[in-house]
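Have a look at the structure below, then the notes.
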Amino acid sequence: MSGATDVGRFDVGELPRGRSIRRFTSATTNQRAGAGIGELLGDVYYAVIMAAIGIGIALGVTGTLREALPDADAGAGAGAPTVWSLPGLSLSALVVAVVVGLAGVVLSLAGRLGPVSAGGPEATWWLPLPVERRGLLRPAVARVPAGAALVSGVVVGVLDAGVLAAPGGRVLSTVLAAALGAAVLVLGAALGQTLDVSRRATSVAGDLVLAGAVVLAVASGVAGWRPDGLPAVSPLALVGLVVVAGALVVAVDRGLERIPSRSLRAGGAVASQAVGAVVSLDTRELGRVLTDASLPRRRRASRLRLVRGPSSALVVADALVVLRSPRRLVLLLATALVPALVGTAPELAGPVGFAIALVVGGFVATTTAAEGARRAEMAPVLDRLLPLGARDVRLLRMVVPAGAMAAWSLVAFGVVGLWYQDVPGWLALGVAAVPVWAGAAVRAAYRPAPDWSAPLIATPMGAIPTGVTSVLARGPDVLVLGLVPVLVSVFLGRVHPEVVVVQTVLSLVVVAVATTTTTLAERLGLSGGTPAATTGGAR
8 MSGATDVGRF DVGELPRGRS IRRFTSATTN QRAGAGIGEL LGDVYYAVIM AAIGIGIALG
68 VTGTLREALP DADAGAGAGA PTVWSLPGLS LSALVVAVVV GLAGVVLSLA GRLGPVSAGG
128 PEATWWLPLP VERRGLLRPA VARVPAGAAL VSGVVVGVLD AGVLAAPGGR VLSTVLAAAL
188 GAAVLVLGAA LGQTLDVSRR ATSVAGDLVL AGAVVLAVAS GVAGWRPDGL PAVSPLALVG
248 LVVVAGALVV AVDRGLERIP SRSLRAGGAV ASQAVGAVVS LDTRELGRVL TDASLPRRRR
308 ASRLRLVRGP SSALVVADAL VVLRSPRRLV LLLATALVPA LVGTAPELAG PVGFAIALVV
368 GGFVATTTAA EGARRAEMAP VLDRLLPLGA RDVRLLRMVV PAGAMAAWSL VAFGVVGLWY
428 QDVPGWLALG VAAVPVWAGA AVRAAYRPAP DWSAPLIATP MGAIPTGVTS VLARGPDVLV
488 LGLVPVLVSV FLGRVHPEVV VVQTVLSLVV VAVATTTTTL AERLGLSGGT PAATTGGAR
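Structure follows, in structure tokens:
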């Protein structure tokens, strides 16, 4: 064949609009889904009822805690001990700081999720089409702002009504303002996306706002700022928020054509992986996805001068994972300051407040420091390449969390020691408890996945297998048991030398449990599955 074949002229019909393509896709999906309107209404009804029950329980719990907390003036007048000679952090100022932190979380998540994005199928089939994108992407614009508004309104409403006991009218205006404010933040992030602002810049801005909430709480405790509650929102302010939100919607809608396809695909990939992690109850994957979305593409090179062998290589790798993420370092510092904030709040200072602050703040901190082990469970590259046994790998994975928690304990337990006027004793107890934190973090990192072949239980989020609670409890179980001496000392108000010895023994037990490569059911011969520790190193 020497010549090319000419294609004859033909008429090109009118291209469909993006809106019609989106509606056709939705209609085809609904037709093949096999679910009717009755099942849809049933699911919506079930979700609304469960959400209402959850909100009611949250209001009841916060109300009970508010009534159980001592009065600030009464506590000060009774000669209660104080950590520092400062005015202290009021409960209302703490709620204001939490609301500011919530705004930072909303903005940070908006940057990580897009907020305008196209999932895998949408990015594959829709984006290459020669049609306008405004009709295709309009539902994607509404998803994240609507979700942020709903969650923010509920959280702020529970705080205002349950913790601060605000009247009904004020709670309603506060909820509306919180919902509109969250929507404005997300829409602002979407407007930045249309102007080709990087998703990392938006997420970093949210992280800075979150860090500012911690600074606000500390400054409030130092200055003695005691607001009456959340700022009152006037009807005029609500109208202003509605106008701003409407203007942002129009601006974002006009700029949808300018959003690069790479940004839509990247945000859709993160959102799809995050949803999959939530549905599968995998907090490790959820944290990895949301964290990696804000990391720079070009990372610093390291000569790894501290590496002298397989053991040091594993430890250095874990340390670099933490040190190369400023967000984790800030989180470690923020969690260490939680007991200090509790100690300066007259309504919270006491055994219950310190116990909750130590357990919750410590678990968040040690989980943050054990990111290397959490990643290794999913991609055990070093675990397989290095000539180390599975137990040795898990033991080495505890080095970085132990070092981080040793520094964390100096701050957290030092504050508790100032409160109880026995700093050396509490520091000794904190150092003795360091292996408990590290062991719990590694045990949680290497926990097995839920057995999805087991019988299922219906929940508002879908069906989950039986026994999922025992899987999620791996890590927190040994943490609570290993910290029994610490909790007993907190409620007794003093540290006995015998308690430090018991804490040391329990720490060794936790380390031994955390380095095991099989579950209890597998050791008893009750499970026919593969051991959970196949990702824990060489056999």
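Under our numbering, the residue at position 123 of the sequence shown is numbered 130, and the numbers go up by one with no gaps.
Note that beta-carbon positions come from the ideal geometry of N, C-alpha and C, so glycine has one too.
Remember, it's a predicted structure, so these values are computed and weren't measured experimentally.
Counting only runs that start and end inside the stretch 393-476, the alpha helix (DSSP H) elements of at least 4 residues fall at 397-404, 406-427, 430-439 and 441-452.
Just so you know, the alpha carbons of G262 and A172 end up roughly 43 Å apart.
Distances from the CA of V113 to each of A445, L192 and G410 were compared; the closest alpha carbon is that of L192. DSSP places G482 outside both helix and strand once states are collapsed to three, so it counts as coil. Separation of T36 and E129 (C-alpha to C-alpha, rounded to the nearest whole angstrom) is 13 Å.
With a beta-carbon spacing of about 14 Å, A372 and A452 fall beyond the 8 Å limit used to define contacts.
With contacts defined as CB atoms closer than 8 Å, L134 and L22 fail to qualify as a contacting pair. Taking C-beta separations shorter than 7 Å and ignoring five residues to either side along the sequence, the partners of I464 in its chain run A470, I471 and T473, following chain order. With contacts defined as CB atoms closer than 8 Å, A409 and V441 qualify as a contacting pair. Secondary structure at T201: helix, using DSSP grouped into helix, strand and coil.
Rounded to the nearest angstrom, the gap between the Cα atoms of A447 and V485 is 6 Å. By the C-beta density criterion, M385 is exposed, having fewer than 16 other C-beta atoms within 10 angstroms. Taking the CA atoms as reference points, V367 sits about 21 Å from V507. Assignment of alpha helix (DSSP H) within the stretch 215-262, counting only whole runs of 4 or more residues, yields 242-261 in chain order.
The alpha-carbon of L340 is positioned some 51 Å away from that of A34.
G228 sits away from G127, with the two beta carbons spaced by 8 Å or more. By the neighbour-count definition (other C-beta atoms within 10 Å, threshold 16), T71 is an exposed residue. The continuous alpha helix (DSSP H) containing T511 extends over residues P504 to A521.
Counting the other CB atoms within 10 Å of its CB gives P346 a total of 16 or more, which places it among the buried residues.
V182 is classed as buried because its beta carbon has at least 16 other beta carbons within 10 Å across all chains shown. Around A521, the same chain offers G446, V449 and R450 as residues with beta carbons nearer than 6 Å, after the five sequence neighbours per side are excluded. The beta carbon of L217 sits closer than 7 Å to the beta carbons of G108, G111, V112 and S115 from its chain, once the five residues preceding and following it are set aside; these are given in chain order.
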